[in-house]
Every structure is written in structure tokens, then in C-alpha cells.
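Numbering (the numbering used here), first residue to last: 178 to 572.
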């Protein structure tokens, strides 16, 4: 039993391993190959028809089935380079069983399903045909009707073709995810460099002035107390000004997080062919609110890119009625993945700050996400009460 479990251990580069790293992975993903095993029922139904004429089908079928299970399941859990050998093993089982069981073509169809995940699409199609044509030839030699041969060919190519299409979509999704992560990494690096430059420009001169005046006040204490007090007062005033400048810079850095997230969303969506517009992200809000909405915007953009099939999208942040509101809209298919971890996490973060999250979708007309967070009374008075130019000065 332990050897079998080790044999079926999921490799990171396997079909299941790659799916577990995907955006739609859930607790059921690792059991995906088991669901398709329902079609093995044809191995046990086909020989039961009186006209089949297969009297010795049961024991060869029962003997082949455990071997098939190990080869097939290992094809989904082994590294990608091992998929083709396991698929060939399944196909060989089918050839060996044809003389005993008319449903042996079931193994060939499963082999085609595995071939689709192995090499590139053209090579996968060639391998599928390589496995399928000898099977059809053997059945034809045994006298199977052409309708039966046609059904086998159509089923095998349909299953294999759908898996090739799925794998192509999976590869594109992984490439987009890698691009997304690279954009975020570059944006974070650029933001750190900007913060370093801003702090150097902001504090370098001010701290030098404070050091100079402090040294001068120390020298004046012995002979001119009044002048020394005047220098100390200048030091205090300069320090307070520096503190105000640092607070303003920090507010700007916090706002830049949302601005940067909006820029990242634009790059991600436009790389996927979705037009994107944004407004209102230069307004100052508390750090925890900014962080929550930045994550909400990131998740919304990711969902649009992966699921919405939209042509355009927009995001807007507004401050009104002692609250900050983020609204994201797309013109996609309107399908809401309500049970996804991303949306649940977004809702938990918003509700933890006393806010609300509303997601409304209408099939064919798009989806609108609205996250609303109440602002503390003091922040509301300081931020919302400012006229436009002053508000931007605080950002």
C-alpha cells in the first residue's frame, strides 16, 4: 500500500501538479483523473451483448484493469516527460485486450487523453493517430462494422482534442500569471527606488541644517545664551517642518500603492486585450484602507483577465459620505465565481474594516464590483473636507 501511494505521489511538473498551482485549483483538483474513470464501465458492459460473442472476456479484463489504473493515474501525477511512456502502456493494454473484449478501445481513448498533455500539440496529435490507427485496423480485421470504427475514431479524437485545447489554455494562463508577477516585481522595485530618492531629497538637506544649527548653538551657549536659544528655536522649527514633510511623503507613498496597483491592472488587462481606464486613485486615504482596496483591485483585475472574457473594464475610487468606495466594472460574460478563494478573502478583508462588498453580474452584460469602507471621523474631516487641489497636495 505504501509503495502504491509513493508511486502516485503528485510531482510539481505533472498534469495535476500544474493544475494545483493554477488560479482555479481547489480541494477537488487532485481527484480530477478519478472522475473520468466512470467511462471504464464500457469495459464491463460491451461484452455482455449477446452478439458480441466474447466468452473469455472477464478474467483478462480484470487482470488488465489494475495495471491500467496505475499507468493512467501515474500519467497524471508523474513529471511531464513521463506522460508519453505511460500513455503508450495504456495503449498496449488496449491492443492486448482487443481479442478478448470488444470494449478494449476504451483503453485507447484513455491513452489519447494522456497523449494530449505530453509533447507539443502537433506531436500529441501524431501520437494519438499512431495509437488509434492500429486499433482501428485490428477491429476492422476482426470484422467490426464501420459505424463502430467511426465512433471509436470520433470519440478518441474528440477527447484528445479537447485536452489539447485545455492544455493550450493552461499554458497561456501560466504565461499571463508569470507576466503579472514580473510586472508586480518591477513595480515594487521602482517604488522602492522612488521612496529612497524622495527620502534622500526630503531629509538630506533638512538633517544637515539641523546638525549645523545644533553645533552652532552648542558653541554659542558659553558666550551668547540669547543667540544660542535662537538657534535652538530654529532647530525645533526645522525639525517640526521635517516631520510634517515626512508625514506628507508617507501619505503620498500610501496613495502610490493604489496608483501602482491601478497601473499594474492596466498592464495586465491590456496585455490580455482588455481596454482599461481608472480614476480617483490619487486621493489620500488611511493606510489600512489603501491596502485593502489595493488587494481588492488586484483580485478584481485578475478575475477579469482570467474569467470575464471582457473587451473593456474600468476602475474608480470615490470619497463621499464619510466613506471610500472602489468600483470595478467590466463588459464581459457576467459570470461570478462566488466560491473562489480570492473573492472570499476580499470580502473578509473589507468586512474586517467595517465595510461591505457587493458583486453583481448579468450574463452577457458584465460584472460590477463595489467595495465600500467607512472612514474614521477625523480622517473624513481632514480628507473629504479638503477642496480638490488641496486634497491632491496631500496625496
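Glycine included, each C-beta is placed from N, C-alpha and C at the ideal position.
- With a cut-off of 8 Å on Cβ pairs, the segment 494-506 is in contact with the segment 541-553, counting three or more such pairs.
- By the Cβ criterion, the segment 328-345 is not in contact with the segment 438-457, since fewer than three pairs of Cβ atoms, one from each stretch, lie closer than 8 Å.
- Boundaries of the beta strand (DSSP E) around residue 548: 543-551.
- Secondary structure at residue 362: helix, using DSSP grouped into helix, strand and coil.
- One Cα belongs to residue 385, the other to residue 461, and the distance between them is close to 30 Å.
- In the three-state reduction of the DSSP assignment, residue 451 falls in the coil class.
- Excluding the 5 residues flanking it on each side, residue 476 has same chain C-beta neighbours closer than 8 Å at 519, 520, 522, 523, in chain order.
- In the structure shown, residue 530 adopts coil according to DSSP, grouped into three states.
- The segment 244-263 makes contact with the segment 291-308: 3 or more CB pairs, one atom from each, lie closer than 8 Å.
- The C-alpha of residue 355 lies about 50 Å from the C-alpha of residue 389.
- Rounded to the nearest angstrom, the Cβ distance from residue 507 to residue 485 is 5 Å, consistent with a contact under 8 Å.
- Residue 445 has its alpha-carbon roughly 27 Å from the corresponding atom of residue 532.
- Annotation: the continuous alpha helix (DSSP H) that includes residue 264 extends over 260-274.
- Residue 288 and residue 480 have their C-alpha atoms spaced approximately 34 Å apart.
- Taking the CA atoms as reference points, residue 267 sits about 15 Å from residue 213.
- For residue 539, the pairing in a beta bridge is given by DSSP as 543.
- Residue 285 is classed as buried because its beta carbon has at least 16 other beta carbons within 10 Å across all chains shown.
- Selection 280, 341, 353 evaluated against residue 328 yields 280 as nearest (Cα-Cα).
- Your pair residue 391 and residue 412 checks out as a contact, with CB atoms roughly 6 Å apart and the cut at 8 Å.
- In the structure shown, residue 439 falls within a helical segment according to DSSP collapsed to helix, strand and coil.
- In this structure, 192 is the residue among 192, 208, 470 with its C-alpha nearest to the C-alpha of residue 343.
- The Cβ atoms of residue 306 and residue 252 lie no closer than 9 Å to each other.
- The C-beta distance from residue 478 to residue 353 rounds to 11 Å, too long to fall under 8 Å, and the pair is not in contact.
- Straight through space, the alpha carbons of residue 350 and residue 277 are spaced by roughly 43 Å.
- Annotation: residue 316 to residue 482 spans about 47 Å, alpha carbon to alpha carbon.
- Excluding five sequence positions before and after residue 320, none of the CB atoms of its chain fall closer than 6 Å to its own CB.
- Counting other Cβ atoms within 10 Å of its Cβ, residue 234 reaches 16 or more and is therefore classed as buried.
- Counted as a single uninterrupted DSSP element, the alpha helix (DSSP H) harbouring residue 209 occupies residues 209-212.
- Collapsing the DSSP output to three states places residue 328 in a helix.
- Leaving aside the five residues that flank residue 510 on each side, the residues in its chain whose CB is nearer than 7 Å to its CB run, in chain order, 485, 486, 540, 541.
- Going by DSSP, residue 491 is part of the beta strand (DSSP E) stretching over 489-497.
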